[in-house]
Amino acid sequence: MIHQKLSFNARKLLKYCHFLDNPIVFYHGLSGAVPTADIDQQQQNAAASRRATLAFAPTEILQANNSEQLDDLLRQLQQPAKHAYANQQSKDSSASCDFVSGWAGVFGYDAGQYSQANAIAQPPPRSDHDLPLAWFGYYPISLQLCLDTNEVILCSATEQNIAPWLTALDALLNEPPEISPAAARDWQPEWNLAQYQAAFERIQAYLRSGDCYQTNLTMPFRCADDLTQQSPAELLEAFDAPHSGFLKTAEFSLFTVSPERFVRIDQRRLETRPIKGTAPRSSHPEEDQKLLDALRSCPKNQAENLMIVDLLRNDLSRYATAGSVKVEALFAPQSHANVHHLVSTIVAELKPEISHEQAIFAALPGGSITGAPKRRAMEIINELEVRSRGFYCGSMGYFDSRGHSDFNILIRSIIAKRDGAECWGGGGIVLDSTADSEYQEILNKVQRIMQQPL
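In terms of UniProt numbering, the sequence shown is residues 1 to 454.
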């Protein structure tokens with residue numbers, strides 16, 4: 001295990017990280033952070049500090065653009081040689097559960113469509129211009145950025161020749177490139193209220209007929225600017241969300257300030273934290289508290305959350321040991337920079353014969369961004385939404401070499417290519433939803449992201 005303090009500035013590295021080779025960042029902010037009972041005080045203190053993990057220069061890249069390549073990618077992710085260190089490790093509850101080294105990347109929403117393909121209608125056709133179904137790099141080293149102290153620690157699970165990475169960092173920070181000036185963008189919705197309402201009414205018809213109980217309806221906002229060369233630092237720090245991240249490749253840049261964990265696996269312990277129930281924030285403390293209290297006591301929001309909890313309990317039970325699925329927290333409030341949320345926590349024990357990669361892929365896409373029942377909701381989404389979601393509502397995360405994995409839900413995200421960028425928003429539709437309030441909820445979720453200069 002390498003654990004070496006470097007003489008670099010952590011905040012400066014975060015600011016310039018987009019100039020590195022295929023950089024990926026996992027940013028752990030304070031907003032919405034909730035301590036858990038199963039970690040000791042040292043870990044809780046670490047969780048209460050702003051930190052990020054930066055990795056770059058992967059030694060291997062896997063990319064899947066079709067179902068056959070996706071199957072091959074999954075096989076390669078599970079190669080036992082990559083997990084040799086984890087196989088030798090005993091469980092160490094004091095070890096950091098941040099990413100140190102291993103596979104890190106992203107599954108798109110459409111990858112989840114293929115994981116459920118035996119039970120849903122054929123996924124929408126993909127064009128040559130679509131983003132990959134999945135992208136992963138193997139990162140032998142990482143940099144732990146302690147943003148409150150500006151310390152940088154280089155880590156790896158195995159011995160490495162770290163000279164090439166140090167050379168790249170010296171070259172970047174000794175003569176940093178010029179950063180494009182931050183600017184607000186002209187974002188335009190692809191649906192106006194009337195178009196959204198037409199799709200909303202179709203879902204209401206499905207709900208009344210008993211086809212589904214809840215469907216997550218989403219829509220994109222688009223700008224024509226090339227955001228692929230922008231730094232993620234200002235956006236990540238402005239939202240300070242616990243499951244934020246950044247990934248830049250030759251084809252795309254992905255910025256996310258997600259508040260939602262999809263699945264975390266620590267050795268054999270599974271955890272998922274679905275979000276359902278949203279209220280706007282107010283700059284006035286008394287009004288802000290009233291908004292939070294109303295969210296917590298709202299029967300509609302509790303019913304939506306409970307539906308998704310039941311769905312995810314069922315999802316986890318497919319690859320968890322019998323009787324191990326438990327709800328640890330129900331309707332817990334979390335407050336973020338732009339909204340309040342209700343969050344529940346479900347835990348389980350992973351079956352010994354199931355790998356982390358198999359479990360994560362089988363759970364895709366997350367139930368909180370599809371609906372219930374999941375398979376029928378996905379068919380309705382395919383029918384009604386503007387186009388394929390791409391990375392939006394997919395999942396970004398890692399399979400760490402030491403035996404733990406952590407993936408978010410890719411909401412509150414900007415997906416950028418050279419010909420423009422998209423920022424999607426959505427929400428769960430149930431029988432007592434109204435089109436006006438749901439459309440406004442979408443704006444509450446994404447307006448501040450789009451207004452934040454990049």
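The beta-carbon is built from N, C-alpha and C at its ideal position, and this holds for glycine as well.
Predicted, not measured: the structure shown is a model, and the values here were computed from it.
Considering only residues of the stretch 171-256, which uninterrupted alpha helix (DSSP H) runs meet the minimum length of 4 residues and lie entirely inside it, listed in chain order? Listed in chain order, the complete alpha helix (DSSP H) runs (minimum 4 residues) inside the stretch 171-256 are 193-208, 233-239.
Beta-ladder partner(s) of methionine 396, from DSSP: Methionine 396 is bridged to Val106.
Glutamine 144 versus proline 274 - alpha carbon distance: If you take the alpha carbons of glutamine 144 and proline 274, they lie about 27 Å apart.
Would you identify the three-state DSSP class for alanine 55, choosing helix, strand or coil? Of the three classes helix, strand and coil, the one that applies to alanine 55 here is strand, per DSSP.
What are the boundary residues of the alpha helix (DSSP H) that leucine 391 is part of? The residue asked about is misnamed: residue 391 is phenylalanine in this sequence, not leucine. Where phenylalanine 391 is concerned, there is no enclosing alpha helix (DSSP H), given that its DSSP letter is neither H nor E.
Selection from Ser335, Ile61, Gly371 that minimises the alpha carbon distance to leucine 306: From the listed residues Ser335, Ile61, Gly371, the smallest Cα separation to leucine 306 is found for Gly371.
Mapping DSSP to helix, strand and coil, what is histidine 356? Helix, per DSSP.
If you reduce the DSSP assignment to three classes, tell me which class serine 437 lands in. The three-state reading of DSSP puts serine 437 in helix, counting H, G and I together.
Whether or not the stretch 170-184 and the stretch 381-399 are in contact is what I'm after, with contact meaning three or more pairs of Cβ atoms, one per stretch, closer than 8 Å; do they touch? Using a Cβ-Cβ distance cut-off of 8 Å, the stretch 381-399 and the stretch 170-184 are not in contact, since fewer than three pairs of beta carbons, one from each stretch, lie closer than that value.
Near leucine 207, which residues of its chain fall below 6 Å by C-beta distance, leaving aside the five closest residues on each side in sequence? Apart from the 5 residues on each side of it in sequence, leucine 207 sits with its Cβ closer than 6 Å to the Cβ of Leu431 in its chain, given in chain order.
DSSP three-state call for alanine 322: helix, strand or coil? Three-state result, alanine 322: coil.
Residues in its own chain within less than 7 Å of asparagine 65 by CB, not counting five upstream and five downstream? Spatial neighbours of asparagine 65 in its own chain (CB-CB distance under 7 Å, excluding positions within 5 residues in sequence) are listed in chain order as Pro132, Leu133.
List the residues that DSSP assigns as beta-bridge partners of phenylalanine 19. DSSP output for phenylalanine 19 lists no bridge partner at all.
Checking the sheet assignment: what are the DSSP bridge partners for proline 333? DSSP lists Leu342 as the bridge partner or partners of proline 333.
Pick from Arg268, Ala329, Pro352 that is closest to valine 343, judged by C-alpha positions: It is Ala329 whose Cα lies nearest to the Cα of valine 343.
Grab the span of the beta strand (DSSP E) containing glutamine 144 for me, first residue to last. That run of the beta strand (DSSP E) goes 142-146.
Do the CB positions of proline 23 and lysine 248 come within less than 7 Å of each other? Taking a C-beta distance under 7 Å as the contact criterion, proline 23 and lysine 248 qualify as a contact pair.
Taking all protein chains shown into account, do 16 or more other C-beta atoms lie within 10 angstroms of the C-beta of serine 427, making it buried, or fewer, making it exposed? The sequence shown places glycine at residue 427, not serine. By the 10 Å Cβ count, glycine 427 comes out buried.
Would you call the stretch 283-294 and the stretch 343-354 touching, i.e. three or more CB-CB distances under 8 Å? Contact between the stretch 283-294 and the stretch 343-354 is absent: fewer than three C-beta pairs spanning the two stretches fall below 8 Å.
Could you compute how far the alpha carbon of phenylalanine 361 sits from the alpha carbon of serine 244? C-alpha separation (whole angstroms): 20 Å.
Glycine 137 by DSSP, collapsed to three states: which one? Glycine 137: strand per DSSP, three-state reduction.
Cutting at 6 Å between CB atoms, please list the residues of its own chain near serine 49, excluding the five before and the five after it. For serine 49, where only same-chain residues beyond five positions count, the Cβ hits under 6 Å are Asp148.
Is it buried or exposed, glutamate 383, if we count other Cβ atoms within 10 angstroms and call 16 or more buried? Burial check for glutamate 383: the Cβ neighbour count within 10 Å stays below 16, so the residue is exposed.
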